[in-house]
Amino acid sequence: MIVINTPLRADIFQKAAEEEGLIFVKKTGMKLIFENPQGEDAKKAEVLKKKWKGNKDLAAIYFQVLPQ
1 MIVINTPLRA DIFQKAAEEE GLIFVKKTGM KLIFENPQGE DAKKAEVLKK KWKGNKDLAA
61 IYFQVLPQ
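And the structure:
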């Protein structure tokens with residue numbers, strides 16, 4: 001599982017994660033929880049964080065991408 005913590009614009013992060021092949025499970029507070037069908041959650045979380053930090057729309061928003 002991969003957890004994305006974001007207090008703002010959760011809809012954008014959910015869409016971006018689903019485009020990367022993650023499956024949305026649920027939202028709890030500011031946590032978005034996803035299944036990673038490809039496995040290797042730690043590696044995928046690191047790749048997503050680097051990719052999104054390079055995106056001008058997402059980089060300005062505080063977020064965390066954590067393997068669970």
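If you count by full-length UniProt numbering, then the sequence shown holds residues 1 to 68, one letter each, in order.
From the three backbone atoms N, C-alpha and C, an ideal C-beta is built for every residue, glycine too.
Since we're looking at a predicted model, the values are computed, not measured.
#1: Candidates 50, 14, 18, 20: which alpha carbon is nearest residue 30's?
#2: Under 6 Å Cβ to Cβ from residue 7, same chain only, skipping five residues before and after it: list those, please.
#3: Residue 36 and residue 44 look like a contact to me (Cβ under 8 Å); what is the Cβ gap, rounded to whole Å?
#4: Just mark residue 41 as buried or exposed, buried being the case when its beta carbon has 16 or more other beta carbons within 10 Å.
#5: Taking residue 20 as the reference, give the member of 52, 68, 59 with the closest Cα.
In short, the structure shows the following:
#1: Residue numbering aside, residue 30 sits at position 30 when the sequence shown is read from its first letter. Of 50, 14, 18, 20, the residue nearest in Cα terms is 14.
#2: Numbered from 1 along the sequence shown, position 7 holds the residue referred to as residue 7. Once the five neighbours on either side are set aside, the close Cβ partners of residue 7 are 30.
#3: Here the question's residue 36 lines up with position 36 in the sequence shown. Here the question's residue 44 lines up with position 44 in the sequence shown. That pair is a contact at about 5 Å.
#4: Reading the sequence shown from its first residue, position 41 is the one you call residue 41. Residue 41 comes out buried.
#5: Here the question's residue 20 lines up with position 20 in the sequence shown. For residue 20, the nearest C-alpha among the options comes from 52.
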